[in-house]
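Each residue of the sequence shown is one higher than the last, beginning at 1 in the working numbering.
All C-beta atoms in this analysis are idealised placements derived from N, C-alpha and C, irrespective of residue type, glycine included.
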Amino acid sequence: MRFASRLCTAALCAVLVTPVMAADDAKSQSAKPAVDVTKLHDVLENDKALNAFFGKTFGVIRGLIAQDVDAAEKLNNALEAEVKKAKPKNAKSVALIPRATRAIDFYRDKITLARVKIEDLQASLKKDSNQPRTIQQYGQKAAQEVSNLARSQPDKAEAKQKAAAAFLDGLALDESASAALKAVTTAKTALKRYDRTIASTRKLLSLNGKDIAPLQVDSWINGTPLTDADLKGKVVVLDFWAVWCGPCIATFPHLIEWQEKYGKKDFVMIGLTSYYKRYSFDDQTGRLGRAATPQTPEGEQAMVQQFAEYHKLKHRLAIQPANSTLSKYYGVSGIPHVTVIDKKGKIRMTKVGSGPANAKALKELIEKLLAE
C-alpha cells in the first residue's frame, strides 16, 4: 500500500515529499519522530492536504526503514495513534483513513522484515524447505536487497538477483508442497521485475563521459531562451520532469536551493518537459486538473508558467517539441531524471527518482564541478 512513489512513469503520481535522513542509532531511541504526526489534525478536513501529509509521512517511514529501523517503527506507531483519533467529517478525508491504516500495517510488516537477516531465512529453509511464509519473507528480503543496489550498482544487483533465484530453485520441494511452490514462483517473479531497472542503470552509467546533446526546445518558460553556446563552460543540470509527477514536485525544494545557491555562478539548470495537452492548473488552490478541452501549445505554456510561479521555481523551464530525441539520448525511462554535465560538456552523473540520497549525490557533484 503506497500513497506515493519515488519515481513517475506514465501514471499520475501522488505527491511525495523527500524523506529526511535518519538520526544515528544512539539518538533514535529518545529523539522525537521525524515528522510531527499531530499535524494530521490540522489538515484533517482538507483531503488534498491530508493525502499530501500521508504521502510525506509514509515517504519518511520508507526512507527510515533502510537507515534506522527503530526510528521508522517509532514514527509508524506514532502515526497509528493519531490516525486512530482522527474523526474527519469530509467524506473524501474519511476515505483516506482506512487507506492510511492499511499503509501503516504494510510498513509494520516492512519494519519487521528489515530486522530479519536473510542468512537466517536461508538457514531455516535449508532445514525445512516447506515453509511458505519463510519463502515469502526470503523473496521480499532478497528483492529489497536487489532494489537497494539496482539504481547504483547494477552488477551487484544482478549477482544478488541470480543468487536468490538459484537458492529458490534449489529448495527441496515436491508437488505436494503447493503453497511453498507458489511462494517460490511469486518470489522469483518479484526478483525478475528488477531486470528493467538494472538494464536502465547500466545504460545511464554508460552515458558518463559522453558529450552534451544539442538543445531541442519548442518554448522557453520562466526565463530568456538559451542556446548551446550559452551552456559552454558551465555546469549544466538537466531535469526531466512533468507537472503531473508527484516525485518531481518532491524535488522542488532541492531545485530551488540549487538555483538560489549556484545560479550566479557558472551554473545553468533547465527543467525539460513535454506537451501533454490534457492538464489545467488552478493557481489559487495549487491543484492540477483535467483540461476541459485539449490545451493549445500557448495554453500549455501559460499553464506551466503558472505552475512554476506557484511553486516558486526560478530556474528556466523548457518544453520539448514532439520530435525531440533528448529523452532517448539521455536514457530517460522515468521521472524525475536529472543529468549533470561538467564545464567541458561531458555527462558526469544521472539520477532517477526523488529521495535524500539522490539529492545529496547531485549536490556534492555540482559543488565539486563548480570548484574545478
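Residue i versus residue j: straight-line alpha-carbon distance, rounded
| i | j | result |
| --- | --- | --- |
| THR373 | LYS203 | Since the displayed the chain opens at 1 and closes at 372, residue 373 lies outside it and no answer follows. |
| GLU158 | GLU298 | 46 Å |
| ALA359 | PHE281 | 27 Å |
| SER333 | VAL35 | 32 Å |
| ALA318 | GLU364 | 25 Å |
| THR293 | GLY286 | 20 Å |
| ALA23 | PRO225 | Caution applies to ALA23, whose pLDDT of 29 falls short of 50 and renders its modelled position unreliable; the model cannot decide the point. |
| THR201 | ASP342 | 20 Å |
| ALA143 | THR227 | 44 Å |
| MET269 | LEU215 | 13 Å |
| ALA78 | ASP68 | 16 Å |
| GLY209 | TYR275 | 30 Å |
| ALA322 | LYS232 | 26 Å |
| ASN51 | LYS85 | 17 Å |
| HIS254 | ALA166 | 41 Å |
| VAL243 | LYS56 | 18 Å |
| GLN161 | ALA190 | 10 Å |
| LEU370 | VAL236 | 10 Å |
| GLY170 | ASP109 | 26 Å |
| LYS261 | ASP218 | 28 Å |
| GLU300 | HIS311 | 16 Å |
| ALA357 | ILE256 | 17 Å |
| PRO19 | PHE58 | Note that PRO19 has pLDDT 30, beneath the 50 cutoff, so the model's placement of it is unreliable and the number below is only indicative. Each residue's alpha carbon lies about 9 Å from the other. |
| LYS156 | LYS192 | 15 Å |
| LYS126 | VAL116 | 16 Å |
| LYS27 | ASP70 | A caution first: LYS27 carries a pLDDT of 37, below 50, which makes its placement in the model unreliable, though a value can still be read off. Each residue's alpha carbon lies about 10 Å from the other. |
| VAL37 | THR325 | 44 Å |
| SER152 | ASP239 | 19 Å |
| ALA361 | LEU205 | 14 Å |
| GLN320 | VAL352 | 19 Å |
| ALA302 | GLU80 | 42 Å |
Check whether residue i and residue j have beta carbons under 7 Å apart
| i | j | result |
| --- | --- | --- |
| ALA213 | TYR329 | yes |
| VAL184 | LEU168 | yes |
| CYS248 | TRP258 | no |
| ALA100 | PHE53 | no |
| ASP211 | GLY345 | yes |
| ALA399 | ILE61 | In the structure as shown, the chain begins at 1 and stops at 372. Residue 399 is therefore absent and cannot be evaluated. |
| ASP118 | PRO154 | It is worth fixing the name first, because residue 118 is Ile in this sequence and not Asp. The answer is no: Cβ separation not under 7 Å. |
| VAL146 | ILE221 | no |
| SER354 | THR273 | no |
| ALA72 | ILE111 | yes |
| ALA177 | ASN148 | no |
| CYS245 | ILE335 | yes |
| GLU82 | LEU40 | yes |
| ALA180 | PRO132 | yes |
| TYR107 | LEU121 | no |
| ASP266 | LYS234 | yes |
Check: residue i C-beta below 6 Å from any heavy atom of the ligand MG
| i | result |
| --- | --- |
| PRO253 | The ligand MG is absent from the structure shown, which contains no ligands of any kind. |
Buried or exposed (CB count within 10 angstroms, at least 16 for buried), residue i
| i | result |
| --- | --- |
| GLY263 | exposed |
| SER93 | buried |
| GLN295 | buried |
| GLN29 | In this prediction, GLN29 scores a pLDDT of 40, lower than 50, which makes its location untrustworthy; the coordinate-derived value is nonetheless stated afterwards. Flag for GLN29 reads exposed. |
| THR350 | buried |
| THR134 | buried |
| GLY289 | exposed |
| ALA150 | buried |
| ALA103 | buried |
| ALA10 | Here ALA10 scores only 37 on pLDDT, less than 50, and its place in the model is too uncertain to base an answer on. |
| LEU308 | Rather than Leu, the amino acid found at residue 308 in this sequence is Ala. Under this definition ALA308 is a buried residue. |
| ASN90 | exposed |
| ASP230 | exposed |
| ASP105 | exposed |
| GLN284 | exposed |
| LYS74 | buried |
| PRO98 | exposed |
| ARG278 | exposed |
| ARG316 | buried |
| ASP25 | Low confidence applies here, because ASP25 scores a pLDDT of 36, under 50, leaving its location unreliable; read the following figure in that light. Per the 10 Å Cβ criterion, exposed. |
| LYS368 | exposed |
| LYS182 | exposed |
| LYS87 | exposed |
Bridge partners - residue i, DSSP secondary structure assignment
| i | result |
| --- | --- |
| PHE167 | None, per the DSSP bridge assignment. |
| TRP258 | TRP258 is not bridged to any residue. |
| ASP36 | According to DSSP, ASP36 bridges with nothing at all. |
| HIS337 | PHE240 and VAL352 |
| LYS346 | ASP211 |
| VAL235 | PHE267 |
I'd like the ranges of any alpha helix (DSSP H) spanning at least 4 consecutive residues and lying wholly in the segment 48-93. 69-85
Jot down the residue ranges of each uninterrupted beta strand (DSSP E) in the segment 197-229, minimum 3 residues, whole runs only, in chain order. 219-221
Which runs of the beta strand (DSSP E) spanning at least 3 residues fall entirely within the segment 260-335, listed in chain order? 267-274, 279-282, 287-290 and 316-320
Which full runs of the alpha helix (DSSP H) of 4+ residues lie inside the segment 95-138, going along the chain? 118-127
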